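Enquirer: Under the working numbering, think of the first position of the sequence shown as 15, with each following residue one higher. Glycine residues also receive a C-beta, built at the ideal position from the N, C-alpha and C atoms. Bear in mind the structure is a predicted one, so any value in this text is a computation, not a measurement.
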Amino acid sequence: MTVMQPLAPFPTQLRASAAVTSSDLALGPAISGIGETIERRLRPVPKNLPRRRMDLDFAVLLMRTSYQVADDLDFTPMNDFQRDFFLLRQDEWDVYREMMPSTKQGDLSDPSYFDFISFCQYATISNSMRSGRTLFNELIDANGEAKGAGLHGLEAAGC
Numbered sequence: 015m016t017v018m019q020p021l022a023p024f025p026t027q028l029r030a031s032a033a034v035t036s037s038d039l040a041l042g043p044a045i046s047g048i049g050e051t052i053e054r055r056l057r058p059v060p061k062n063l064p065r066r067r068m069d070l071d072f073a074v075l076l077m078r079t080s081y082q083v084a085d086d087l088d089f090t091p092m093n094d095f096q097r098d099f100f101l102l103r104q105d106e107w108d109v110y111r112e113m114m115p116s117t118k119q120g121d122l123s124d125p126s127y128f129d130f131i132s133f134c135q136y137a138t139i140s141n142s143m144r145s146g147r148t149l150f151n152e153l154i155d156a157n158g159e160a161k162g163a164g165l166h167g168l169e170a171a172g173c
């Protein structure tokens, strides 16, 4: 009887599960590229189904609510979350665009773009939860000012 291991839902999980040797460090991006390629090939191919456009206010509400819940749960600094979300969107966009050429970037009313951006947001949330922290400093402005966060803000309140 063969036991199947669950598939990693996020590219970094493939890299994190394998032991890294000194020869791997010399390869650098080549190793991460292999993991990402394997992970992408294991994904289901998106279907270009005819769907009605989404109500923009509703789409924005869904995206903001997911972000707010992730922020309220305090498992990662939101500046790190935003960076990771941006980098994942950047890495995934060209691949998704090839599969769904009619998708217009930034149009949340377009169901196929909403699928893409939701995937990126939830993949980032999922990955952040796996490596979640209870105490951390969170950058809160462009000048690099930080505040204590985590444990639902208890340490920032002096508890």
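#1: Does DSSP put F89 in a helix, a strand or coil?
#2: Could you please give the first and the last residue of the uninterrupted beta strand (DSSP E) stretch that includes N151?
#3: Can you tell me which residues form a DSSP beta bridge with A160?
#4: Given that a residue counts as buried once 16 or more other Cβ atoms are within 10 Å of its Cβ, and exposed if not, what is L122?
#5: In or out: S10 buried (at least 16 other Cβ within 10 Å) or exposed?
#6: For D155, count neighbouring C-beta atoms within 10 Å of its own C-beta (all shown protein chains included) and say buried if the count is 16 or more, exposed if not.
#7: In the DSSP assignment, find the unbroken alpha helix (DSSP H) run with M143 in it and report its ends.
#8: Under a three-way DSSP split, which group does L75 fall into?
#9: Between the C-alpha atoms of T51 and V109, what's the straight-line distance to the nearest angstrom?
#10: Select from Q104, M77, M68 and D129 the residue whose C-alpha is nearest the C-alpha of N62.
#11: Whose C-beta lies closer than 7 Å to the C-beta of P115 among residues of the same chain, with five residues either side of it excluded?
#12: Under the rule that 16 or more other beta-carbon atoms within 10 Å means buried, what is N141, buried or exposed?
#13: How big is the Cα-Cα spacing for S244 and R147?
#14: How big is the Cα-Cα spacing for P91 and F150?
#15: Considering only residues of the same chain and omitting the five flanking positions on each side of C134, which have a CB-CB separation below 7 Å?
#16: Which word fits A73, buried or exposed, when buried means at least 16 other C-beta atoms lie within 10 angstroms of its C-beta?
#17: Have a look at R144, N157, Q119 and Y136 and flag the residue whose alpha-carbon is nearest the alpha-carbon of Q82.
Expert: According to the structure shown:
#1: Counted from its first residue, the sequence shown places residue 89 at position 75. The answer is coil: DSSP assigns F89 none of H, G, I, E or B.
#2: In the sequence shown, residue 151 corresponds to position 137, counting from 1. F150 to L153 is the extent of the beta strand (DSSP E) around N151.
#3: The count along the sequence shown starts at 1 and reaches residue 160 at position 146. Partner(s): L153.
#4: Counting from one through the sequence shown, the residue named residue 122 turns up at place 108. Burial of L122 is indicated by the presence of at least 16 other C-beta atoms within 10 angstroms of its C-beta.
#5: For residue 10 there is no data in the structure shown, the boundaries of the chain being 15 and 173.
#6: Against the sequence shown, residue 155 aligns to sequence position 141. When all chains shown are included, D155 counts as exposed.
#7: The sequence position of residue 143 within the sequence shown is 129, counting from 1. From DSSP, the alpha helix (DSSP H) with M143 extends over P125 to R144.
#8: The count along the sequence shown starts at 1 and reaches residue 75 at position 61. Under the three-state reduction of DSSP, L75 is assigned to helix.
#9: Along the sequence shown, one-based indexing puts residue 51 at 37. Along the sequence shown, one-based indexing puts residue 109 at 95. Going by the C-alpha atoms only, they are around 11 Å apart.
#10: Within the sequence shown, numbered from 1, the residue matching residue 62 stands at position 48. Cα-wise, what sits closest to N62 is D129.
#11: The residue you call residue 115 lines up with position 101 of the sequence shown. Excluding positions up to five away in sequence, the list is empty.
#12: Against the sequence shown, residue 141 aligns to sequence position 127. Around the C-beta of N141, 16 or more other C-beta atoms lie within 10 Å, and the residue is accordingly described as buried.
#13: For the chain, the structure presents residues 15 to 173; residue 244 sits outside this window and is missing.
#14: Position 77 of the sequence shown, counted from the start, is the residue given in the question as residue 91. Position 136 of the sequence shown, counted from the start, is the residue given in the question as residue 150. About 7 Å.
#15: To locate residue 134, count along the sequence shown from 1; it is residue 120. The answer, listed in chain order, is F99, L102, R103 and E106.
#16: Counted from its first residue, the sequence shown places residue 73 at position 59. By the neighbour-count definition (other C-beta atoms within 10 Å, threshold 16), A73 is a buried residue.
#17: Position 68 of the sequence shown, counted from the start, is the residue given in the question as residue 82. The alpha carbon of Q82 has as its nearest neighbour, out of R144, N157, Q119 and Y136, the alpha carbon of Y136.
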